[in-house]
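Working notes for the structure below.
Numbering (UniProt numbering), first residue to last: 1 to 210.
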């Protein structure tokens, strides 16, 4: 089993004993709804050109797609935020297993504000940029943006997750976790998109494309 999948299995066991059953059920209902909507069908896929962007990194510096196409491969990973335990595991695994490859450039994208991303980058000691996709505008263009369902918002709040504050926004939109590998022409040569945020990219599979 892939190392990240193993870690997620352990996380699920921990959460099953730590969270109220009502919260666990609300999360599962939220995921099932997203799966049934087949949001992945709207996302960019292999052969598509990744859209240009101009976003602020954790140091408040503007980064563009064009600036980032200076390595053999560019990996772009959309994550929900540092409040998400599954995103923390994915970021940690990608930093440890992939980021050290000198032939690639790595970029993480979240709807969080720059200060939250700076804290996240410092925690995991990543040298990669974590870009703030305000209002999930790029995620929407890529086809992976969705609005968090009303029935699950209070459960997030009860866990101390204030998405409006974290994302400096007035809406509850989030990106589906996704990873895209681009060549030097911004053409997507590999993608992973899954509406079930409890299932993440297979690190060993990703390595085959870089």
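Where a beta carbon is used, it is the ideal one built from N, C-alpha and C, also for glycine.
Host beta strand (DSSP E) of residue i (start-end)
i, result
"residue 173", "173 to 175"
"residue 132", "129 to 132"
"residue 209", "Neither: residue 209 is in no beta strand (DSSP E) and is coded neither H nor E."
"residue 77", "73 to 78"
Presumed contact (8 Å Cβ cut-off) between residue i and residue j, rounded CB distance
i, j, result
"residue 147", "residue 173", "5 Å"
"residue 111", "residue 167", "4 Å"
"residue 11", "residue 142", "Actually they do not touch by this definition, with Cβ atoms about 26 Å apart."
"residue 133", "residue 55", "6 Å"
"residue 126", "residue 99", "6 Å"
Simplified DSSP assignment, three categories, for residue i
i, result
"residue 161", "coil"
"residue 17", "helix"
"residue 180", "strand"
"residue 96", "helix"
"residue 190", "strand"
"residue 23", "helix"
"residue 36", "helix"
"residue 201", "coil"
"residue 64", "strand"
"residue 9", "helix"
Residue j beta carbon less than 9 Å from that of residue i
i, j, result
"residue 210", "residue 73", "yes"
"residue 196", "residue 34", "yes"
"residue 37", "residue 69", "no"
"residue 5", "residue 202", "yes"
"residue 163", "residue 83", "yes"
"residue 75", "residue 199", "no"
"residue 175", "residue 65", "no"
"residue 23", "residue 159", "yes"
"residue 88", "residue 135", "no"
"residue 53", "residue 155", "no"
Exposure of residue i, with buried meaning 16 or more beta-carbon neighbours within 10 Å
i, result
"residue 20", "exposed"
"residue 123", "exposed"
"residue 41", "exposed"
"residue 177", "buried"
"residue 58", "buried"
"residue 117", "buried"
Continuous alpha helix (DSSP H) stretch holding residue i: start and end
i, result
"residue 140", "137 to 142"
"residue 54", "Residue 54 -> not in any alpha helix (DSSP H); beta strand (DSSP E) instead, spanning 54 to 56."
"residue 120", "114 to 123"
Closer than 8 Å: residue i CB and nearest the ligand NAP heavy atom
i, result
"residue 174", "Absence of the ligand NAP from the depicted structure is noted, as is the absence of any ligand whatsoever, leaving it without description."
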